[in-house]
Structure formats: C-alpha cells, structure tokens
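Report on one structure; see the data block that follows.
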Amino acid sequence: MNNTSAKNDRSLQTNSAWRHIAASLFCAVAIGIGALVPAAASDLPEQKSATLFGATIRYYDIGSGPTVVLVHGLGSSAKGDWGRVMLPLAQNHRVLALDQLGFGNSDKPQIDFGIQTWVDFLGEFLRQQQVSDFTLVGESLGGWISAQYTIQALNGIAAGPTLALPKPSRLVLSDSAGLYATMKRQLAASPHGNQNIVGASLAGEKKLLASVFHAPSYHTDQALRDGLAWSLAKGDAWAIRSVRNPALLNETVDKQLSAITIPTLVIWGQHDALLPLSDGRHFASGIADAKLEVIADSGHAPMIETPDAFLAALLPFLR
C-alpha cells in the first residue's frame, strides 16, 4: 500500500468509528462520520439490492458455507463496521451484511426509527433470503437490535402468521448497546435533546474520536478534517436523531436476557469509553452460558481497530 492509500484508509476507518458515537448512543454531542473503506475495499463485490416494505436496502452477500449475518451500528454501514473482517469471514462462511434502513447506501426515509423498525426490516430481509441456521452478529446499536431480534425470534413473537422471524442458531454481541441504565445515563447527558446531534465541530470530533478509539494513531488533525467533511456529506442525520427519543428506553433488553437460550458470545473492547466493560459482563451474566471475550488494546469498535483480535475471538465460536 502506498502512503496515500494508507493515509486514506486510516482516515476513513476513523470516520466510521466517529459514527459509532452517534450510534452508541445518546452522547452529548454526536457528530456523524461515515463508512470505513478498508485497504481491501476494492476486493469487496458490489452491493446487491433488496426491496423491503417498499424501501431499497443495499447489502453484501459474500462467500459460501454456514451463514453469518452482520448488523452494523447506528451511523455506520456494512462496510463501515465490517469492511476489515468480511473477506476473512467469507473464506469459510456465507456473509450477509446489510446497510440498515436510514444508513449507508440504503434508503433514508424521514420516519421515527425505533429498535423494532430495524428488527422488522432485518426479519423481512432474512425471510427474503430464505436464511435458516445462521449466526447473528451485532455491534453497538446493531447488538441491541440483534439481541431484541433474537428474543422475539426464539419466543415466536411476530406481527402475523407469515411474519415469523427466522431463528438464529448463535448470537454474537460486540460492544452492544441496549442496557437500560447505560442508555438512560447517556440520554440524561444530552440536556438539549436533539439539538447538536449532528453538529459540525472539530473540538467535538476530537472529544468523540478519543472516546471511540484507544490507539493514539487515530487521533490526528487529518482525521478531524475528514470526519467533519464526512458529517457534512452524509444524509443519515434523521435516523441518528430518532434514536435519541426517550421512548427507546422501553426497548432495552435487560429484563429479557434470560430469554436468549442459544449459544452466545459477547466481545468487548477493554478500553471502550462509550459502553463500559461492565455492560459486557452484564450481557454475559444475563444470558445462560454466554462467553465473554475481552479485546485488549481496543476501544468501542474492535472489528475496526483490532480486526485480527476480533476474528481470533469470533472464528472459534463459529466452528
């Protein structure tokens, strides 16, 4: 890789993590950043399209073998969260990774998004794909969605007889949102409600990048410039604002974790400054026989910051 490519790769990785701040979730100033474009981005196939409830959803379908479904965090995209791990996973698995409604290259309607919105769209997507016996992997807000999806799927909760959610056989939660106390605390830290959630401030970006990435190499002036440029260019502010609605506290999963009865792996960055490691322990203790893997030298997004360590934790669980 030449110096220019390496520089662009790092700045775009930083952009993705920046977006995690909004996703995670009720931070006081959430400035958006875009999708990760990894060094191997040119090797990724073009995204496919699906029409779900009249909306266009873009997704990756890579590889063959047991199916792994990847659910990104709010403010990111399939490539943004999973761009550094999709191809390694696809060597022995079929990898499905969608840009969720409101983000990435999917449609961005101005609706009041809730966790159930994304659960419903994920269910429709998997029904169309005729997927069964799959591992569901969610990161940050995507973990919250994946946990809620799994709870409903395993308990037969559906809006109608033809709308049953395909049941996952395994669940992976990486630095997952969705616990009441943390969500309430982060919402309370935003006294101005929806104001400034997609602001444009170098100082704000600097603070938030520091809370997402552990490695100091990601905290550069160029990263701040790129993040600010991306926040001005992206069109997902509406969905980001929606998740700051206090009503989402009604969709937290604390009291339902015991309903998750499939093998579960919880992966957590040791230095996650957005969602503390204690949340990871809460998920692991609340789900029967769940295993917790802590990724050293990583912050909120280990699949971006430390992809090799993330894969080392994930791949044995998939075997």
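Numbering follows full-length UniProt numbering, in which position 171 of the sequence shown is assigned residue number 171; successive positions increment by one, without gaps.
Think of the CB as a built atom: it goes at the ideal place given N, C-alpha and C, for glycine as much as any other residue.
What you are looking at is a predicted structure, and each value in this text was computed from that prediction instead of being measured.
- The DSSP-derived three-state label of residue 260 is coil.
- Beta bridge pairing from DSSP links residue 52 with 55.
- DSSP lists 268 as the bridge partner or partners of residue 294.
- Apart from the 5 residues on each side of it in sequence, residue 165 sits with its Cβ closer than 7 Å to the Cβ of 123, 149, 152, 153, 158 in its chain, given in chain order.
- Contact between the region 236–248 and the region 211–227 is absent: fewer than 3 CB-CB pairs across the two stretches fall below 8 Å.
- Looking at the DSSP output, residue 137 shares a beta bridge with 70, 172.
- If you check the CB distance, residue 137 and residue 307 do not come in under 8 Å.
- For residue 317, same chain residues with a beta-carbon under 6 Å away, outside a window of 5 residues either side, are 265 in chain order.
- Beyond the five residues adjoining it in sequence on each side, residue 167 comes within less than 7 Å, by CB distance, of 153, 154 in the same chain, given in chain order.
- For the options 259, 172, 241, the alpha carbon positioned closest to that of residue 313 is the one of 172.
- Around the beta carbon of residue 161, fewer than 16 other beta carbons sit within 10 angstroms, so the residue counts as exposed.
- If you ignore the 5 residues before and after residue 107, its C-beta comes within less than 8 Å of the C-beta of 55, 56, 57, 101, all in its own chain and listed in chain order.
- Scanning 76, 156, 127, 212 for the CA closest to the CA of residue 271 turns up 212.
- Ranked by Cα distance from residue 169, the first of 121, 260, 203, 89 is 260.
- In the same chain as residue 128, and ignoring 5 residues on each side of it, the C-beta atoms closer than 8 Å to its own belong to 50, 52, in chain order.
- Assignment of residue 319 by DSSP, reduced to helix, strand and coil, places it in the coil class.
- Within the same chain, 58, 59, 60, 61 come within 8 Å of residue 48 by CB-CB distance, once the 5 residues on both sides are set aside.
- As a beta-bridge residue in DSSP terms, residue 97 pairs with 60, 70.
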